[in-house]
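J.: Chains as they are written, first to last, in my numbering: chain A, 15 to 267; chain B, 4 to 218.
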Amino acid sequence: MLVRSTAATVRPPPFVPAAPAEARRGASPAPRAPQGGGDVFETPSQPPRDEGLKDKALIQALHEAAAKHKDLGYNQARKVIFTALDNHEGKVKCVYTGRELKTNKIPNSSDMNVEHTWPQSKGATGAAKSDLHHLFPTDSKANSQRSSHPFGEVRKVKWSSPSGAKLGTDAEGRTVFEPPPEHKGNVARALFYFSTVYGKAIPPAEEAVLKKWNVQDTVDAAELTRNGAIEKYQGNRNPFVDDASLAQRIADF
Amino acid sequence: MATVSPLWALVPGASDVPLAKVGGAPEPVGAVHWPACATCGEPMRFLFQLPHVPGRLDLSPSAAVYVFQCENPDTVCERWDAHAGANAVVAVEPGTASVEGARPTGVPYAEWSLGLAPAEEDTEALSVDVNEATDEQLAALDRALEEAPESKVGGVAGWVNGDATPECCGEPMRFLAQLAAMPFGLAFGDNGRGYLFRCRRGGCGTPFRFTWQGA
Numbered sequence: 015m016l017v018r019s020t021a022a023t024v025r026p027p028p029f030v031p032a033a034p035a036e037a038r039r040g041a042s043p044a045p046r047a048p049q050g051g052g053d054v055f056e057t058p059s060q061p062p063r064d065e066g067l068k069d070k071a072l073i074q075a076l077h078e079a080a081a082k083h084k085d086l087g088y089n090q091a092r093k094v095i096f097t098a099l100d101n102h103e104g105k106v107k108c109v110y111t112g113r114e115l116k117t118n119k120i121p122n123s124s125d126m127n128v129e130h131t132w133p134q135s136k137g138a139t140g141a142a143k144s145d146l147h148h149l150f151p152t153d154s155k156a157n158s159q160r161s162s163h164p165f166g167e168v169r170k171v172k173w174s175s176p177s178g179a180k181l182g183t184d185a186e187g188r189t190v191f192e193p194p195p196e197h198k199g200n201v202a203r204a205l206f207y208f209s210t211v212y213g214k215a216i217p218p219a220e221e222a223v224l225k226k227w228n229v230q231d232t233v234d235a236a237e238l239t240r241n242g243a244i245e246k247y248q249g250n251r252n253p254f255v256d257d258a259s260l261a262q263r264i265a266d267f
Numbered sequence: 004m005a006t007v008s009p010l011w012a013l014v015p016g017a018s019d020v021p022l023a024k025v026g027g028a029p030e031p032v033g034a035v036h037w038p039a040c041a042t043c044g045e046p047m048r049f050l051f052q053l054p055h056v057p058g059r060l061d062l063s064p065s066a067a068v069y070v071f072q073c074e075n076p077d078t079v080c081e082r083w084d085a086h087a088g089a090n091a092v093v094a095v096e097p098g099t100a101s102v103e104g105a106r107p108t109g110v111p112y113a114e115w116s117l118g119l120a121p122a123e124e125d126t127e128a129l130s131v132d133v134n135e136a137t138d139e140q141l142a143a144l145d146r147a148l149e150e151a152p153e154s155k156v157g158g159v160a161g162w163v164n165g166d167a168t169p170e171c172c173g174e175p176m177r178f179l180a181q182l183a184a185m186p187f188g189l190a191f192g193d194n195g196r197g198y199l200f201r202c203r204r205g206g207c208g209t210p211f212r213f214t215w216q217g218a
């Protein structure tokens, strides 16, 4: 039976980075420098344990591999994001607008805060609220514009950022949020992870767009590095970052 | 630690506090001028009202505050911003009851009465500076946020996504009340909360401010 609970998550004692978790699915691809400014993707060098599986069987295997992790607590997760995980040489960059903030601490929330790629109002509660794999630093205004709207391709723009992020309506008239091109794949893989770990369905229209973005914006070195860093904090990896082709073997998240 | 007002939970559906409510139409205690959005010019949508309740919610000399925000479907005005003019706190002194000004054409929010009930929260844990906090204090803050009333007057602001206290007259404003989006269905972003503040000096023309924050 497919078990997609988060019961295995545990709230930790006083925070310490998790010890490197035991390899769960063979070796991860080594980060490779982006070529020509674009993203790169490399398939895992060893066959994963989920080889040959697809659909629900694959989801179950990935859930078993990735669901168990340390719950940092939300405020610890915020601290990690702004002071270490997404702080590069003293700057934190908004994934939606590209705006950079010089900081060595958690900033005032009216300036920059943390985005739940999978909205709290749609199920990112409990341990999921603090799961770094779907949390990213964002400009507060951009985060408010995104609100809890689904992701999609904007046809009629109401709001946009020079980075390429947009809010508006899609071809069907639904209000959707479209991240900038370089973050589209990250969003897709974060949501595939969330769906798999927390047993939440992705609406079909959104899933189709995410699968497209997963192919268009492939995994880059920064995303792989972040995946490895998160493993040190909370003890699990996003398998859809380690092997982006996994999503194509799942017909319905 | 800053002085904290006595805490009372705001209880949806209770009716022990006349004039405290969410949605429907404003029930004026004096002259309410319906506000328009400073960005798009359209009439704002009424969210909620809270009355002055001696010993519990001090709004004096106002008898009540009425909170609105822009929900123009054709724009994306920055309605969460305390100073952008896309939301408004209309403070009303006692007088002849009236509501003036253009109103929005959309449907009002469903009407809920509100009551006040005694409540407790971990004031010390909620007041911690997250950048100075130990890991234990951050964990205590998480617990305190989970346990504190989501909607309340007084106490310490329970921020969904970190402190964003607005300033007025050169200093941080005093927290008065917060209202969770649910169960009312208020448009406060992702699982958001709205926060009502008052200027500490009181010499400005807009002593009350509203902001909201989502996850």
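No residue lacks a Cβ here, since even glycine has one placed at the ideal position from N, Cα and C.
Which residues, taken in chain order from the region 103–134 of chain A, show a beta carbon closer than 7 Å to some beta carbon of chain B?
T.: K119, I120, N122, S123, S124, N127, V128, H130, P133, Q134
J.: Name the DSSP bridge partner or partners of V106/A?
T.: N101/A, L115/A
J.: Are there 16 or more other CB atoms within 10 angstroms of the CB of Q181/B, so buried, or fewer, so exposed?
T.: buried
J.: Which two residues bound the contiguous beta strand (DSSP E) that contains P15/B?
T.: 11–15
J.: Under 8 Å, do S158/A and G165/B count as touching if we go by C-beta distance?
T.: no
J.: Taking a Cβ distance cut-off of 9 Å, strictly less, list which residues of the region 194–214 of chain A are near chain B, in chain order.
T.: Cβ contacts with chain B come from no residue of the region 194–214 of chain A.
J.: Determine the chain B residues that contact Q90/A at a beta-carbon separation under 9 Å, and present them in chain order.
T.: Here the neighbours are D138, L141, A142, D145.
J.: Report the option in Y88/A, S174/A, A261/A whose CA atom is closest to the CA atom of Q134/A.
T.: Y88/A
J.: Can you pull the chain B residues whose beta carbon is under 7 Å from the beta carbon of Q159/A, in chain order?
T.: Simply V79.
J.: Can you tell me where the alpha helix (DSSP H) holding Y247/A begins and where it ends?
T.: Here the alpha helix (DSSP H) through Y247/A covers 235–248.
J.: Quick one: give me the first and last residue of the alpha helix (DSSP H) that F206/A is part of.
T.: 195–212
J.: Give the DSSP-derived three-state secondary structure of R46/A in the structure shown.
T.: For R46/A, the predicted model reports a pLDDT of 32, less than 50, meaning its position is unreliable and no value from the coordinates is stated.
J.: Over the uninterrupted alpha helix (DSSP H) stretch that includes E74/B, give me the two end residues.
T.: Looking at the DSSP string, E74/B is not in any alpha helix (DSSP H), and its letter there is neither H nor E.
J.: For A196/B, which residues of its own chain have a beta-carbon under 6 Å away from its beta-carbon, when the five flanking residues on both sides are left out?
T.: Inspection of the sequence shows that residue 196/B is occupied by Arg rather than by Ala. Correct list, in chain order: V163, Q181, A183.
J.: Looking at chain B, is there any beta carbon in it that lies within less than 8 Å of the beta carbon of S162/A?
T.: yes
J.: If you draw a straight line from the alpha carbon of F150/A to that of V128/A, how long is it in whole angstroms?
T.: Between the alpha carbons of F150/A and V128/A lies a gap of roughly 6 Å.
J.: Taking 8 Å as the CB-CB cut-off, is G166/A touching chain B?
T.: no
J.: Look up E96/B in the DSSP assignment and give the residues it is bridged to.
T.: In DSSP, E96/B forms no bridge with anything.
J.: Under 8 Å, with one C-beta from each stretch per pair, do the region 89–96 of chain B and the region 116–132 of chain B reach the 3-pair mark?
T.: Between the region 89–96 of chain B and the region 116–132 of chain B, the count of C-beta pairs closer than 8 Å stays below three; the two stretches do not touch.
J.: Buried or exposed for C110/B, please, with buried defined as at least 16 other CB atoms from any protein chain shown within 10 angstroms of its CB.
T.: The residue you asked about is not Cys; residue 110/B is Val in the sequence shown. Counting Cβ neighbours within 10 Å, V110/B comes out exposed, since fewer than 16 surround it.
J.: Which residues in chain A have a C-beta closer than 7 Å to the C-beta of G165/B? List them in chain order.
T.: Near G165/B (Cβ distances below 7 Å), the residues of chain A are R92, I120, S123, N127.
J.: How should H130/A be labelled, buried or exposed, when 16 other C-beta atoms within 10 angstroms of its C-beta is the threshold for buried?
T.: buried
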